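Written below as structure tokens is the structure these notes are about.
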Amino acid sequence: MFLALRELKFAKLRYFLIGFIMILISWLVFIISGLANGLSADNAAALLNMKADHFVIQPDSENKLNRSQIPEDKWTEIKQITAGTGATPLGQKMLSVTKAGTKNKMDVTLFAIDANQFLAPVITEGSHFNNTDKNQVVVDASLKQEGIGLGDWLQDPETNQKWKVVGFTEGHTFSHSPVVFMNLKDWDDLIRANPQLKQRYYSAIALQMTPSQADELKRDVSEIDVITKEDALQNLPGYKEEQGSLSMMIVFLFVIASFVQAVFFYVITLQKTNQFGVLKALGANTSDLARSLMGQVILLTVTAILISVGFTYGVESILPESVPFRLDVETFFLFSGLLLVVSVLGSLLSLRRIANVDAIEAIGRAE
Amino acid sequence: MKTKLAFEDVSKRYGTGDNAVKALDHVSFHVNEGEFVAIVGPSGSGKSTLLSIAGVLLSPSAGRLILDGQDITNLSAKEMTKIRLDKIGFVFQTSNLVPFLTVRDQLLLVAEIAKKRGIEAEQKADELLAHLGLAHRRNHYPEHLSGGERQRVAIARAWMNSPELILADEPTASLDSKRGRQVVEMLADEVKSRRKAAIMVTHDERVLDLCDRVLTIKDGKLIATAGMKAASQPLHSHH
Ligand SMILES: Nc1ncnc2c1ncn2[C@@H]1O[C@H](COP(=O)(O)OP(=O)(O)OP(=O)(O)O)[C@@H](O)[C@H]1O
Ligand SMILES: [Mg+2]
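Just so you know, the protein sequences line up as chains A and B, in that order. For the first sequence, full-length UniProt numbering begins at 1 and goes up steadily by one. For the second sequence, full-length UniProt numbering begins at 1 and goes up steadily by one.
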């Protein structure tokens with residue numbers, strides 16, 4: 001580190017510029033992954049936050065909750081087998097609703113649940129609904145941005161049914177739309193608005209059980225499929241595609257970052273070839289010089305990453321509410337580690353150059 | 001008198017087949033303790049090659065090489081590096097200082113490479129700098145030094161690892177004659193007072209009187225040895 005530190009100190013401007021580029025790149029990586037995570041959370045938060053680990057769905061529904069229908073008699077059968085614990089029905093439906101008395105439509109996702117079971121959301125404001133009183137809903141707090149407050153009524157223009165907002169919950173969005181929670185009685189009313197309906201149905205049965213218990217259930221009950229929460233997540237409309245694009249962006253950022261850094265360090269190393277010859281003539285061996293270069297790269301990268309972490313939090317705090325952004329500590333550590341690995345790998349290119357410099361070049365030669 | 005360095009029938013050939021260049025042709029000589037030897041000769045005659053072999057940067061193609069009583073003819077690259085670190089001090093044609101190190105750090109770098117950095121090394125560096133009249137320049141970077149000062153730093157650096165042998169390749173090439181002479185005087189003084197040995201390649205005849213002996217090389221062959229301090233008419237005839 002003797003050489004590494006002194007060189008950083010001497011060529012302050014040059015290394016400041018390189019460091020600056022590295023800060024920008026890792027900052028970009030963090031911001032993009034924060035936005036990607038934010039989007040994914042926005043898409044699937046309701047599912048991610050659900051305290052279920054498996055779902056019973058209709059076979060042939062392509063693992064999609066919104067295509068699945070579990071008829072009432074199947075639920076009765078499942079309820080008997082599970083003795084009412086660890087299983088609860090979930091009705092799910094996309095709806096366009098208006099605030100009663102206005103014309104503005106907003107897309108929401110309806111979740112019909114048993115208020116006494118594990119799918120009941122945590123109330124952050126107002127109160128919960130129960131299983132007996134009708135026409136009461138708890139909605140995601142993001143609906144506040146649409147001007148919805150406690151006591152307001154939501155209306156379905158098609159069936160003209162109305163529900164009163166009694167409480168707010170947070171972090172419940174599904175397919176980028178806020179979730180409206182209601183009890184199963186209201187669900188019944190809503191689906192019976194369709195006159196062709198023969199039997200009451202649910203979209204899925206949420207399960208809290210081990211994989212082996214879930215397998216057993218699948219064997220015991222005919223004409224059902226049991227999928228994991230992860231399966232359900234991957235089959236959310238657009239989820240896979242969205243995550244795919246964002247992952248590709250991050251992968252390319254990493255590739256570009258590693259090239260940029262590798263080129264920087266290679267060019268700097270090229271400029272110092274003569275100097276390495278002198279150092280070798282003085283008796284420095286390649287591993288000393290390699291350690292010095294690695295020290296520089298690691299020091300620069302770590303500093304750049306720390307600064308860009310700071311910048312990222314800065315950006316997060318000034319982003320408007322409507323832009324979902326989420327970065328957790330694990331992601332920070334993972335990407336920081338990756339960036340470090342990538343820049344060390346990039347500078348390996350320069351190491352070959354150092355190894356090939358011959359001490360003899362120092363003799364009989366002008367600078 | 002103790003022999004510091006001996007070349008015994010040393011030859012060096014670059015390349016193979018038709019392209020082969022015989023840079024050194026059966027060269028034999030030795031340098032004793034306290035001796036300061038100059039090497040002169042026309043361009044391309046093999047001076048730098050000879051110095052590189054003496055400095056354990058190159059292995060000879062044939063012959064035997066003895067440094068400080070040790071046979072160094074056939075060594076691995078690692079062993080060569082170690083010998084350079086322990087026994088040899090270089091003064092290059094252009095001082096070849098490390099641009100981002102202060103004068104004092106240039107010397108400490110040698111200790112750092114030898115993994116011997118500490119108070120002792122710092123004392124030694126300060127002592128050498130004071131001795132070569134560079135104490136007031138110790139915190140300056142090479143870019144702010146004059147050519148002569150840079151060469152003096154290079155000389156101080158060469159002494160830093162207490163080498164047995166100092167090798168200088170045209171140390172005065174970038175200096176005016178007055179500075180050049182001062183630098184060579186310093187080199188000569190150090191060699192005498194420390195009882196070490198030095199070989200200097202030079203084109204500059206005005207400094208040859210400071211050397212104990214002058215070896216003349218032509219087409220890879222040693223053709224004359226003159227005791228310079230005794231000789232009054234140096235090698236003008238060669239140019
Ligand atoms: N790496 C090499 N490969 C092939 N030939 C070489 C190499 N280095 C030197 N030579 C040749 O060996 C001969 C001696 O070269 P050397 O550098 O020792 O000369 P020199 O006396 O130092 O010359 P100058 O005074 O110009 O520095 C020259 O003919 C040169 O072309
Ligand atoms: Mg030469």
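Yeah, the Cβ is synthetic: ideal placement off N, Cα and C, and Gly gets one too. All values reported here derive from a predicted model rather than from experimental measurement.
Consider the Cβ of residue i: report whether some Cβ of chain B lies at a distance smaller than 9 Å.
i: A:L282; result: yes
i: A:V278; result: yes
i: A:R6; result: yes
i: A:I360; result: yes
i: A:D231; result: no
i: A:N274; result: yes
i: A:D53; result: no
i: A:D288; result: yes
i: A:E367; result: Legend: pLDDT at A:E367 = 41, less than 50; position of this residue unreliable, value from coordinates given subsequently. It does: the Cβ of A:E367 has a partner Cβ on chain B nearer than 9 Å.
i: A:M248; result: no
Who are the near neighbours of residue i in its chain, counting only those whose CB is closer than 7 Å to its CB and skipping five residues on each side?
i: B:G148; result: L175, R179, Q182 and V183
i: A:F20; result: none
i: A:Y202; result: I70, W75, P89, L90 and G91
i: A:L35; result: F325
Under the rule that 16 or more other beta-carbon atoms within 10 Å means buried, what is residue i, buried or exposed?
i: B:H238; result: Reliability fails at B:H238, whose pLDDT of 44 lies under 50, so the model's placement of it is uncertain and the value that follows must be treated cautiously. Exposed, since its Cβ has fewer than 16 Cβ neighbours within 10 Å.
i: B:R195; result: exposed
i: A:T210; result: exposed
i: A:V263; result: exposed
i: A:R352; result: exposed
i: B:T81; result: buried
i: A:Q196; result: exposed
i: A:I318; result: exposed
i: A:T124; result: exposed
i: B:R84; result: buried
For residue i, which residues in chain A fall below 7 Å Cβ to Cβ?
i: B:T81; result: G283 and N285
i: B:L58; result: I360
Closer than 9 Å by beta-carbon distance: list the chain A residues that pair up with residue i, in chain order.
i: B:S146; result: By Cβ distance, chain A contributes nothing, its closest Cβ being about 16 Å from B:S146, past 9 Å.
Among residues of its own chain, excluding the 5 on either side of residue i, which ones have a beta-carbon nearer than 8 Å to its beta-carbon?
i: A:F129; result: A115, Q136, V137, V138, V166, G167, F181, M182 and N183
Quick check on residue i - is its C-beta less than 9 Å from some C-beta in chain A?
i: B:I166; result: no
i: B:F7; result: no
i: B:S232; result: Residue placement at B:S232 is poorly supported in this model, since its pLDDT is 40, which falls under 50; the coordinates are not used for a value here.
i: B:N74; result: no
i: B:F36; result: no
i: B:Y141; result: yes
i: B:S11; result: no
i: B:D105; result: yes
i: residue 240 of chain B; result: In the structure as shown, chain B starts at 1 and stops at 239, and residue 240 of chain B therefore has no counterpart that could be examined.
i: B:K78; result: yes
i: B:R64; result: no
i: B:R117; result: yes
i: B:N96; result: yes
i: B:N19; result: no
i: B:R152; result: no
i: B:R157; result: yes
i: B:N161; result: yes
List the residues of chain B whose Cβ lies closer than 7 Å to the Cβ of residue i, in chain order.
i: A:Q296; result: Within 7 Å Cβ-Cβ: nothing; A:Q296 doesn't reach chain B, min ~12 Å.
i: A:A257; result: Neighbours of A:A257 on chain B: none; closest Cβ ~26 Å, over 7 Å.
i: A:A11; result: F100
i: A:F2; result: L109 and E112
Does the beta-carbon of residue i, which I'm using as the reference point, lie nearer than 8 Å to any heavy atom of ligand 4?
i: B:K12; result: Inclusion of ligand 4 in the displayed structure is not the case, the ligand content consisting of ligand 1 and ligand 2 alone.
Residue i CB to nearest chain C CB: under 9 Å?
i: B:L208; result: You won't find chain C in this structure, because its protein chains are A and B.
Please list, in chain order, the chain A residues whose beta carbon lies closer than 8 Å to that of residue i.
i: B:R84; result: A281, L282, G283 and A359
i: B:L67; result: Here the premise fails: no neighbours, minimum Cβ distance about 14 Å.
Excluding five sequence neighbours on each side, which residues of the same chain lie with their C-beta closer than 6 Å to the C-beta of residue i?
i: A:I23; result: A304, I307 and S308
i: A:N235; result: N63 and K64
i: A:L110; result: K93, L95 and V180
i: B:T73; result: R64 and L65
**Study point:** Every unbroken beta strand (DSSP E) inside the UniProt domain "ABC3 transporter permease C-terminal" (248-357) of chain A [3 residues or more]
**Key:** none
Exercise for review: Quick one: which unbroken beta strand (DSSP E) runs of 3-plus residues sit fully inside the region 34-79 of chain A? Chain order, please.
Suggested key: 54-57
Exercise for review: Ignoring anything shorter than 3 residues or poking outside the region 114-182 of chain A, list the beta strand (DSSP E) runs there in chain order.
Suggested key: 123-126, 136-140, 153-155 and 162-169
Check your understanding: Which whole runs of the beta strand (DSSP E) in the region 39-102 of chain B are 3 residues long or more, in chain order?
Key -> 62-67 and 88-91
Check your understanding: Where are the alpha helix (DSSP H) runs, 4 residues long or more, that stay fully inside the region 145-188 of chain B, in chain order?
Key -> 147-159
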